[in-house]
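Number of protein chains: 2
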Amino acid sequence: MMDTPLTLLSILKRAKFLFPKNEIVSRGVNGIFRYTYGDFYKRTHKLAGALNLLGVKPGDRVATLAWNDHRHLEAYFAVPSMGAILHTINFRLSPEHLIYIINHAEDKIILVDETIVPVLEAIQDKLKTVKVYIILSDKKGATETKLRPAYYYEQLIEEENSGFQFSEDIKENDPAGMCFTSATTGNPKGVLYSHRGLFLHSMAIGLTDTLGLSERDSILPIVPMFHVNAWGLPFGATMFGSKQVLPGPAPTPKDLLNLMSEEKVTLSAGVPTIWLGVLKELDENKSNYDTSSIRGFICGGSAAPRGMIKAYEDRHNIQILHAYGMTETTPLVFASRLKNNLLNLSSEEQLNYKAKQGLIVPGIEMKVIGKNGEVKHDGKEMGELLLRGPWIASEYYNDERTKETFIDGWLHTGDVVTVDEEGYVQIVDRTKDLVKSGGEWISSVDLENALMTHEAVFEASVFGVAHPKWQERPIAVVVLKDDYREKTTKEALLGHLAKQFAKWWLPDDIIFVDEIPKTSVGKFLKRGLREKYQNYLLDKES
Amino acid sequence: MMDTPLTLLSILKRAKFLFPKNEIVSRGVNGIFRYTYGDFYKRTHKLAGALNLLGVKPGDRVATLAWNDHRHLEAYFAVPSMGAILHTINFRLSPEHLIYIINHAEDKIILVDETIVPVLEAIQDKLKTVKVYIILSDKKGATETKLRPAYYYEQLIEEENSGFQFSEDIKENDPAGMCFTSATTGNPKGVLYSHRGLFLHSMAIGLTDTLGLSERDSILPIVPMFHVNAWGLPFGATMFGSKQVLPGPAPTPKDLLNLMSEEKVTLSAGVPTIWLGVLKELDENKSNYDTSSIRGFICGGSAAPRGMIKAYEDRHNIQILHAYGMTETTPLVFASRLKNNLLNLSSEEQLNYKAKQGLIVPGIEMKVIGKNGEVKHDGKEMGELLLRGPWIASEYYNDERTKETFIDGWLHTGDVVTVDEEGYVQIVDRTKDLVKSGGEWISSVDLENALMTHEAVFEASVFGVAHPKWQERPIAVVVLKDDYREKTTKEALLGHLAKQFAKWWLPDDIIFVDEIPKTSVGKFLKRGLREKYQNYLLDKES
């Protein structure tokens, strides 16, 4: 067979050949911008020409601090197709982390949205490698910013007439993209994406049995384009010529539902908190929107609550497509689509499968390692998920922490999962949050979820603390709803849990608190809780 | 990203993990055999263990002369997963070509169906490299054949208990399969398929926008498993866990329709002559069959007649999925699926697109080179189709003819095509059959098809012959239907053509004959016609 490389350039060329009239729609500060893949192809070349004149060479890092819009999409293809590396940055990180990331990646040029410029102005002095700032805006002319040197994107595009052409020399294992993921402690860790990985991932999300991206789709990625390439949707959509609907700066649920109605969106993607917000708006103002074109909402990032999946189905006839991945996995690894033999089950039984993260996609291999080696596929035995495959990272970028996570050719995800008889995988915890009690494993997440189904509970977090006999035992901190304070006992909540769990799973204590500390992205800060309560049971016993 | 290889073994392992209960159904001389991917996985290991004991090493060629059945499918995975090469042989070739192919490939072991054993017995003395014959049959015990040494497949499987395990050492560019394609003159030419090519091709046929293979499908490949791996369907179906329905020895249209009815087939694949036969049976005995499960019949090998596509739609509510490929292309290159903007067209207008070979699949690149370089995409300008990509062959196996076909990194298909504004490709001729008249190109196929729509015409073949002024001019040989003989004039047929074609396209003469010579696979023997009539116009002028 021919030794032709799998590259993003081939995706770009395909879109221009087959789908030049298909639309890309982009919501910006001045309203909706609308153009075609044909126009997009031309502007992508102009952007690459401008970057070339600004000195970008193969292997250089070009960063973005940008929303999901058409200019960001142009950078998605222009930068890698020049042989350079597109480094998408989460602009909501702390200034310290932003400085670390930009310096560690040695970014040469930064493309920054006009609404995000102040974030960079505040740290500009600390950025050691950045040569040029390009402001993403409709404006042209002289820039109004303290960033130096800075140009308006549209000014560069307008002036570019070098007739730049992409070279065909890119090898499929060359890096194309880069993204940092936050670490439990310390600085974020960088992941490189290769052309091969991104190309294969694009094929994988076009499979009928995964997400089934198609030319007939109109795709709205809500997940940010700085977050694992918006789960690869911009690359996949371009490969298949799907209409792309990019929601721009800080879209509200109303904005998103209006875009879905007006652009006949068929497929959208976001994290559970996004979908909970959209659900609330739909419940309250259903008649304002037309969701008849929607074939699915992809939900990933963290587990989709079962109740939410059901609410969308029952009240709005919308299917939630549950998926799983990580920054290190490009990201798609699992997608929860019902197998043929499950189609005859009741809708409640089907929901049990839809609420799991799903089946492994073709191309990726998994192992689940529990206390005694590979776990049984019984939906119960827990183990850490290990992954291997052509779109799984092999290291962290110039980072000693590589050796903690990439071992013997496998990515150790740190996620604890079960695998059922049908092969559906469910995340039950993070390895570090799992409670190891007398040689047995207890899922803190399962206990938390069960506590939060009790009518009195507003929030609950479960974690392991030291125990003289059992090594670790779970305890829970609980915030009660206002109406239930002083009226709800520890015994009532333990009784509630006892209906679902074996006795040895039940927390040794439940502590009522006013608030649970959270991370910057709204997750419970379990590390902090564990530190605060580490001697709680030891002190109690003594 | 990790450097993990794309191999057939990973497909096999995925099927065993996720789809162990899904069915494989195989029609044999003793009726229907039915088992699961779980059983299939075990027997594949046993076959590999037996082949290993018989001395098969990585790189060895193991040939098959077999129908589409479960044992052939076991060989499809066992042989490549050992690192050996599966050489599928068309047992209908002439004895001379069979001898050439087997000796040229240096096949070490041949798996042969019991119904095909006489073919090999007749040529056994001429086979220089074959060490062992394995008879595919339900039988066990001592074999009844003149082939030596020979074993029954089931005897080997039953006795195998070595616990053979596949190695993980296979590289993705290692050869996995081999198939010979007939040449215009001389011996057949061999093509090697790599693990990478077959894996990527399997992904490609699972895309929603190509063939959309799915776990929910029940797939009946009628195209032989010796013909470009039954178009890759057995590999793709195993990757996705589709039910496989294998039709066994010499199925009739009745047999095929019964299988479709009973096994709830959703997708089938074959050449136009197969589908014409099935159509006839359906038209005559529709009430005998239940075709409600069918979502499509894939039609390739040669162009699907427009009337047939329409007949299936109108009379049986069955979609024909038109596709194109060659032995050299693994094979899928084009699939004719309607783009979003064509869905509002009338059914007649849509038929114009469905009757074309379709849109290029992701991963493959094309160029169409006409008289003046790359052709315009206007649906009219003709050029030779050139292809490049990871599942396109790069050479013929140990064959000097490689240099005629593989030039500057492109496969020169020898097919003349047009490309329309939407990117749909249509085959209009073979380069060697194109009539080159005064520097312009005339499609012999277009003229033939038009002639055959005339009520009086049974068969027609058009080809170019020498002309003193125009270099070449087309002439036609025509067989009239019995009722029209002696009643139909040359002028009537030319008048019929003049309604559709420019004057300079019309044949210089039409010659009525009783019969048109054909090749062994039923195509017009144009080379013979050209030789016979080469001086026809020169003689006429003088």
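The listed protein sequences correspond, in order, to chains A and B.
Just so we're aligned, residue 0 is where the first sequence starts under numbering that gives the first Met the number 0, counting upward by one.
Just so we're aligned, residue 0 is where the second sequence starts under numbering that gives the first Met the number 0, counting upward by one.
Ideal Cβ positions, reconstructed from N, Cα and C, are used throughout, including at glycine.
Under 8 Å by beta carbon: chain B residues contacting residue i
i: A/K20; result: N340
i: A/G388; result: M1 and T3
i: A/R195; result: M0
i: A/L358; result: L17
Residue from the options whose Cα sits closest to the Cα of residue i
i: A/Y395; options: A/R387, A/T404 and A/P389; result: A/T404
i: B/G422; options: B/L386, B/G378 and B/H453; result: B/G378
i: A/I363; options: A/E312, A/S460, A/I391 and A/I474; result: A/I391
i: A/L255; options: A/T329, A/D282 and A/L219; result: A/L219
i: A/K12; options: A/E490, A/Q164, A/D482 and A/K375; result: A/Q164
i: B/K125; options: B/K138, B/I133, B/G140 and B/H103; result: B/H103
i: B/S136; options: B/L155, B/T128 and B/A121; result: B/L155
i: B/T487; options: B/H453, B/N89, B/F225 and B/T144; result: B/H453
i: A/S213; options: B/V78, B/L337 and B/Q318; result: B/L337
i: B/V55; options: B/V131, B/V24 and B/P117; result: B/V131
i: A/R33; options: A/R70, A/A14, A/G48 and A/L8; result: A/R70
i: B/I319; options: B/L278, B/A455, B/F500 and B/E171; result: B/L278
i: A/E262; options: A/A302, A/V476, A/S217 and A/L232; result: A/S217
i: B/I509; options: B/T518, B/E447 and B/R26; result: B/E447
i: A/L385; options: A/K375, A/I406 and A/H376; result: A/I406
i: B/A77; options: B/A175, B/T251 and B/P148; result: B/A175
i: B/V478; options: B/P467, B/A501 and B/M451; result: B/M451
i: B/N339; options: A/F18, A/M1, A/T6 and A/K402; result: A/F18
Under 8 Å by beta carbon: chain A residues contacting residue i
i: B/M238; result: P361
i: B/S393; result: M0, M1 and D2
i: B/M202; result: L199, M202, A203, L206, P361 and G362
i: B/Y192; result: M0
i: B/G324; result: Within chain A, no residue comes near B/G324; the closest Cβ sits about 14 Å away, beyond 8 Å.
i: B/G140; result: Here the premise fails: no neighbours, minimum Cβ distance about 38 Å.
i: B/G306; result: Within chain A, no residue comes near B/G306; the closest Cβ sits about 27 Å away, beyond 8 Å.
For residue i, the first and last residue of its enclosing alpha helix (DSSP H)
i: A/R215; result: Segment: none, A/R215 is in no alpha helix (DSSP H) and carries neither H nor E.
i: A/T401; result: T401 to T404
i: A/D254; result: P252 to E261
i: B/Y532; result: K525 to Y532
i: A/A310; result: R305 to H315
Under 7 Å from the C-beta of residue i: neighbouring residues of chain B
i: A/E214; result: D208, K338 and N339
i: A/G211; result: T207
i: A/S9; result: E364
i: A/L232; result: Within 7 Å Cβ-Cβ: nothing; A/L232 doesn't reach chain B, min ~14 Å.
i: A/F16; result: G422
Integer Cβ distance of residue i from residue j, believed to fall under 8 Å
i: B/D208; j: B/G82; result: Not a contact, Cβ separation roughly 34 Å.
i: A/L50; j: A/M177; result: Between A/M177 and A/L50 the Cβ distance is about 16 Å, and since that is not below 8 Å, they are no contact.
i: B/I133; j: B/Y152; result: 5 Å
i: A/L528; j: A/A465; result: Wrong, their Cβ atoms sit about 13 Å apart, outside the cutoff.
i: B/M365; j: B/W440; result: The Cβ separation is near 19 Å, so there is no contact.
i: B/I10; j: B/S201; result: 6 Å
First and last residue of the uninterrupted beta strand (DSSP E) at residue i
i: A/R440; result: Per the sequence shown, the amino acid found at residue 440 of chain A is Trp instead of Arg. Where A/W440 is concerned, the enclosing beta strand (DSSP E) stretches over E439 to I441.
i: B/E33; result: The question names Glu, but residue 33 of chain B is Arg in the sequence shown. Counting along the chain, the beta strand (DSSP E) containing B/R33 begins and ends at G30 to T35.
i: B/I133; result: V131 to L135
i: A/P473; result: Q470 to L479
Partners in chain A for residue i, counting only beta-carbon separations shorter than 7 Å
i: B/R13; result: P361
i: B/G369; result: None at all; the shortest Cβ gap to chain A is about 17 Å.
Under 9 Å by beta carbon: chain A residues contacting residue i
i: B/G438; result: The premise fails here: B/G438 is roughly 28 Å from chain A at the closest Cβ pair, so nothing lies under 9 Å.
i: B/G382; result: Near B/G382 there are no residues of chain A at all, since even the closest Cβ is about 15 Å away, more than 9 Å.
> Does the stretch 235-245 of chain B touch the stretch 229-242 of chain A, meaning 3 or more C-beta pairs lie closer than 8 Å?
Replying inline: no
> Touch check for the stretch 295-310 of chain B and the stretch 345-360 of chain B: three-plus C-beta pairs under 8 Å?
Replying inline: yes
> Are the stretch 288-296 of chain A and the stretch 410-424 of chain A touching, with three or more C-beta to C-beta distances below 8 Å?
Replying inline: no
> Touch check for the stretch 55-70 of chain B and the stretch 101-115 of chain B: three-plus C-beta pairs under 8 Å?
Replying inline: yes
> Does the stretch 181-199 of chain B come close enough to the stretch 326-334 of chain B that 3 or more CB-CB pairs lie under 8 Å?
Replying inline: yes
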